[in-house]
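Undergrad: Handing you this structure, nothing more for now.
Number of protein chains: 2
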Amino acid sequence: MHTSTFLLNAGAAQLTRRLQSRDIQATTVVHACLERIAEREPALQAWTHVAADAALARARALDDSPIQGLLHGLPLGIKDIFDTWDMPTGYGSPIYAGHQPAADAASVALCREAGAVLLGKTVTTEFATFQAGPTRNPHNQAHTPGGSSSGSCAAVAASMVPLAFGSQTAASIIRPAAYCGVVGYKPSFGAIGRAGVKGLSDSLDTIGAIGREVEDVALLAACLSGNQRLLDLSFHHAPRVGLCRTAAWDSVAAETKATMAMVPAALEKAGATVVDVELPAGFASLPQAHIDIMAYEAARTLSDERLRHGQQLSAGLRGVIERGLQMPHAEYVAQLQLAAWARAQLPAIFENVDVLLAPSAAGEAPLFEEGTGDPQYCRAWTLLGLPCVHLPFARGPHGLPVGLQAVGKLHADHATLAAAAWLLPRLRQA
Amino acid sequence: MHTSTFLLNAGAAQLTRRLQSRDIQATTVVHACLERIAEREPALQAWTHVAADAALARARALDDSPIQGLLHGLPLGIKDIFDTWDMPTGYGSPIYAGHQPAADAASVALCREAGAVLLGKTVTTEFATFQAGPTRNPHNQAHTPGGSSSGSCAAVAASMVPLAFGSQTAASIIRPAAYCGVVGYKPSFGAIGRAGVKGLSDSLDTIGAIGREVEDVALLAACLSGNQRLLDLSFHHAPRVGLCRTAAWDSVAAETKATMAMVPAALEKAGATVVDVELPAGFASLPQAHIDIMAYEAARTLSDERLRHGQQLSAGLRGVIERGLQMPHAEYVAQLQLAAWARAQLPAIFENVDVLLAPSAAGEAPLFEEGTGDPQYCRAWTLLGLPCVHLPFARGPHGLPVGLQAVGKLHADHATLAAAAWLLPRLRQA
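Protein chains in written order, with UniProt numbering: chain X, 1 to 430; chain R, 1 to 430.
Structure, rendered in structure tokens:
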């Protein structure tokens, strides 16, 4: 394969192996990314800041130094809700335009230590909520990339960077990954420390990764969590898969129904067990519980912004905050209790399956003007804290990416990623 | 009672009632606090910053405005790991000397909105860990006030401020409250949002309050959590109390044994039921599980500080970080699983009691030179996420304060505080 084509299509893990063996140079990889950014960024607007000079200087230093760690020489995109001591961090809000944090987020610092080259900051929606930034979908610029990890997903999909940080409070990794056709991974709640990442909801906020392949997002999670097992995703039996249409099935688009319909034949041919999994009736109330808990907590989390800069919040976010402030505490507690009840049902749901396959989004990316898409397909999984991996493997009627998310057992991130890594190539071949 | 004596001895809730009725002026209360600070601060060193002018200006404005909220006119001490947009915030570390955050912590902003007067920032140990600040115990300056909420507990104990923020990752509210003879409240894990508070461990960090009476700490928690029930702590039956000596009983000092021994007679006389509660044998391993989980997470949380400012970390903290980085992920996960097992035992433990009474610390405050004291008596309760309230009601052989902590059911913060409010005056009379 021609070097530049390889550089643009290789996943982060594959690149890292060649960087570690000095088969390619960090400088070469960074140059390829910067050239691609120069070409695609004017139309896509995935970045709030590209640190071209700093990234090249860092790449040169890494090429002249011993291997630093797991990410040696790998360019990384940082969602702009992660603090960086050497790059402005705006949290997607005019309130923080030009804001320069004093320190790196813990996860950013760990990536630097592992040898990553920070290429720049990627566009987030306003405080990782709903109000879109300028980013366009790389597959069709008339469409949204989804949110809130809009820039990270668009940048990876457009080969501007092989790996990027995302974060999810509702659907902010899985949905934009689906719209952009990349792998998105939301770990189990609590797996990765959140220090230095602008928060929205203490009970829900989760740091994750966007890449081309499952092994790429696992690589980043291994660096951040210290879980070295994530570096080997070999799966020793064909996975048992539960098709989980969820209570929102009636609302999904035809392309999602078609995608789900092709799964059993494709996977059974490869040796997997595929069964239908029905969720307990009470699970249908989880998306609303998620909405309420997120509003209650976000309303308090963004207190300084509401009180000192309220006019610079979008009307939509002000509405969520107002609703959260007016919600009785007892209602919030009742929704937390519903979530606790649902978590207690999970062992039975996962008794005979390794992962569930469920919709990541309604279908293809909506038009840009229609907003960043409906997060309802992710709300329950996020509320339950389960590990989720978006698998991009199909196309919809407009040629835009479609896929499904693999949802695993709580804290079984290795098994979930290993199953996802087994499934993705087989689904792509279907 | 003479006004100035009243002002110095009244609890925050009592003061607030008189401020709300305009019976006293905010300016008068703030002046009394500032006079007391002028008198006591040179010896005690509880504050990193006293915002005298700003506090007086704010008090004058509040005296001239309608009642703002639950904390109208009440002076508040802010532990210096809580960000404040108008006061430097040093996190107890030379790395952040003079650091000026861009925004208030969410909890600080909510207090401003409720009408509080921010009197200043109180001393914390280094990143709320072990390395002591300069603060002395108000009861005897040769002794430690405990940590990490050293300044908040000393300031409340010395009547420099009626109410202050604390935070607890191991024992950082309950232990200094015990050493200083004030009420300390660590809420259930997750009850109060942590945005803008310097983190140490995502699984453990908890925001709480230091005051003179149980209703004082409940008042602050009501403002922050939105749980209005906390404003009425009336208890409709005499509480059922479990005496819980824990596996660490052999290590407590004679004064703690004597304090526990006086409880049954004092409470039974008042109508409470008192029983002994034995914890399952596996609970003896929880303090070590807490140590490991805290080290594993803190080591990653403080990555930026370790990588860019390692020489400015104390040797003790560097040691904890090193241990956390070397700990295998599987060991960390096993300790989290032990904690999950223990949480599943709690319903049986609390089946017949409203609260447990357990040691808050070994005994009286150690000498200043000996450090901030042993946190082992709080580690398990913090790891389990249970609400804890230190009840100060006795004295040890050196005349220093002694007491016990009331530990309640998970998320039963109202019941725990109500039981504590019932118990404290009866224990004080014993």
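Ideal Cβ positions, reconstructed from N, Cα and C, are used throughout, including at glycine. All of these numbers come straight from a predicted model, not from anything done at the bench.
Buried or exposed for Lys257/X, going by 16 or more other Cβ atoms inside 10 Å?
TA: Lys257/X should be labelled exposed.
Undergrad: From this set, Arg112/R, Leu110/R, Ser152/R and Val117/R, which residue's C-alpha is nearest Ala128/R's C-alpha?
TA: For Ala128/R, the nearest C-alpha among the options comes from Ser152/R.
Undergrad: Compare the C-beta of Glu113/X with all C-beta atoms of chain R and state if any pair is closer than 7 Å.
TA: It does; some Cβ of chain R falls within 7 Å.
Undergrad: When the distance is taken between beta carbons, is Ala51/X closer than 7 Å to Thr382/X?
TA: The answer is no: Cβ separation not under 7 Å.
Undergrad: Just the Cα atoms here: how many angstroms apart are Ala344/X and His49/X?
TA: Ala344/X and His49/X: Cα-Cα distance of roughly 44 Å.
Undergrad: Around the Cβ of Gly11/X, are there at least 16 other Cβ atoms within 10 angstroms (buried) or fewer (exposed)?
TA: Result: buried.
Undergrad: How many whole angstroms separate the CB atoms of residue 442/R and Ile293/R, which I take to be in contact at a CB cut-off of 8 Å?
TA: Residue 442/R lies beyond the stretch modelled for chain R, which goes from 1 to 430, so this question has no answer here.
Undergrad: What residue range does the beta strand (DSSP E) around Asp276/R cover?
TA: Element bounds for Asp276/R: Thr273 to Asp276.
Undergrad: Note down, in chain order, every chain R residue with its Cβ under 7 Å from the Cβ of Ser203/X.
TA: Simply Gly190.
Undergrad: Strictly below 9 Å CB to CB, what residues from chain X border Asp104/R?
TA: The answer, in chain order, is Ser303, Asp304, Leu307 and Arg308.
Undergrad: Between the stretch 186–201 of chain X and the stretch 52–64 of chain X, do three or more beta carbon pairs fall short of 8 Å?
TA: Too few Cβ pairs lie closer than 8 Å, so no.
Undergrad: For His139/R, collect the residues of the same chain with a Cβ closer than 8 Å to its Cβ; drop the 5 residues on either side in sequence, then sort them by chain order.
TA: Ala157, Cys180, Gly181, Ala365, Gly399, Leu400 and Pro401, listed in sequence order.
Undergrad: List, in order along the chain, the chain R residues whose C-beta lies closer than 9 Å to that of Gly120/X?
TA: Result: empty, since nearest Cβ-Cβ is about 18 Å, beyond 9 Å.
Undergrad: Please tell me whether Gln405/R and Ile192/R are closer than 7 Å, where the distance is taken between their beta carbons.
TA: No, they are not a contact pair.
Undergrad: Between Arg323/R and Ala289/R, how many whole angstroms is the CB-CB distance? I'm expecting something under 8 Å.
TA: No, Arg323/R and Ala289/R are not in contact; Cβ-Cβ is about 14 Å, not under 8 Å.
Undergrad: Suppose contacts are defined by Cβ-Cβ distances below 7 Å. Is Gly77/X in contact with Leu119/X by that definition?
TA: Cβ atoms of Gly77/X and Leu119/X: closer than 7 Å.
Undergrad: For the stretch 228–260 of chain X, list every residue whose C-beta sits within 7 Å of some C-beta in chain R, in sequence order.
TA: Within the stretch 228–260 of chain X, the residues whose Cβ lies closer than 7 Å to some Cβ of chain R are Gln228, listed in chain order.
Undergrad: Based on the DSSP secondary-structure assignment, which residues constitute the bridge partners of Gln405/R?
TA: The partner list for Gln405/R (beta bridge, DSSP) reads Ala358/R and His390/R.
Undergrad: By the criterion of Cβ-Cβ separation under 7 Å, what are the contact partners of Ser360/R in chain X?
TA: Neighbours of Ser360/R on chain X: none; closest Cβ ~26 Å, over 7 Å.
Undergrad: Applying a beta-carbon distance threshold of less than 9 Å, which residues of chain R neighbour Gly181/X?
TA: Near Gly181/X there are no residues of chain R at all, since even the closest Cβ is about 31 Å away, more than 9 Å.
Undergrad: Could you pull out every residue in the same chain whose Cβ sits closer than 8 Å to the Cβ of Ser150/X, ignoring the five residues on either side in sequence?
TA: Correct list, in chain order: Ala46, Thr122, Val123, Thr124, Thr125, Ala132, Gly133, Thr135, Thr144, Pro176 and Thr372.
Undergrad: Do Pro264/R and Ala419/R have their beta-carbon atoms positioned less than 7 Å apart in this structure?
TA: Cβ atoms of Ala419/R and Pro264/R: not closer than 7 Å.
Undergrad: Any beta-carbon of chain X closer than 7 Å to the one on Leu110/R?
TA: By this cut-off, Leu110/R is an interface position.
Undergrad: Below 7 Å on C-beta distance, what does Ser93/R contact in chain X?
TA: Correct list: empty, because the minimum Cβ distance to chain X is about 11 Å.
Undergrad: Measuring CA to CA, which of Ala195/R, Gly199/R and Leu200/R is closest to Lys198/X?
TA: Minimum Cα distance to Lys198/X is reached at Ala195/R.
Undergrad: Using the beta-carbon of each residue, which ones in chain X are nearer than 7 Å to Ala195/R?
TA: In chain order: Gly199 and Thr301.
Undergrad: Below 7 Å between beta carbons: does that hold for Gly396/R and Glu255/R?
TA: Taking 7 Å as the Cβ cut-off, Gly396/R and Glu255/R qualify as a contacting pair.
Undergrad: Please return the same chain residues whose Cβ sits closer than 7 Å to the Cβ of Ala32/R, not counting the five positions on each side in sequence.
TA: Same-chain partners within the cutoff: Ser4, Leu7 and Leu8.
Undergrad: What is the rounded straight-line gap between the Cα of Pro280/X and the Cα of Glu351/X?
TA: Distance between the alpha carbons of Pro280/X and Glu351/X: 14 Å.
Undergrad: Tell me whether Gly69/X sits in a helix, a strand or coil according to DSSP, three-state version.
TA: Coil at Gly69/X, not helix or strand.
Undergrad: Name the two residues that bound the continuous beta strand (DSSP E) containing Arg194/X.
TA: No beta strand (DSSP E) holds Arg194/X; DSSP gives it neither H nor E.
Undergrad: Can you tell me whether DSSP reads Gly319/X as helix, strand or coil?
TA: If DSSP states are grouped into helix, strand and coil, Gly319/X belongs with the helices.
Undergrad: Is there a Cβ of chain X sitting closer than 7 Å to that of Gly226/R, yes or no?
TA: Closer than 7 Å: yes.
Undergrad: Classify Leu286/X: buried if its beta carbon has 16 or more other beta carbons within 10 angstroms, exposed otherwise.
TA: Flag for Leu286/X reads buried.
Undergrad: Hey, would you say the C-beta of His411/X is under 6 Å away from at least one heavy atom of the ligand ADP?
TA: Ligands are entirely absent from the displayed structure, and the ligand ADP is therefore not among its contents.
Undergrad: Check each candidate in Ala97/X, Ala298/X, Ser303/X and Leu338/X and name the one with the smallest Cα separation from Val108/R.
TA: Among Ala97/X, Ala298/X, Ser303/X and Leu338/X, the Cα nearest to that of Val108/R belongs to Ser303/X.
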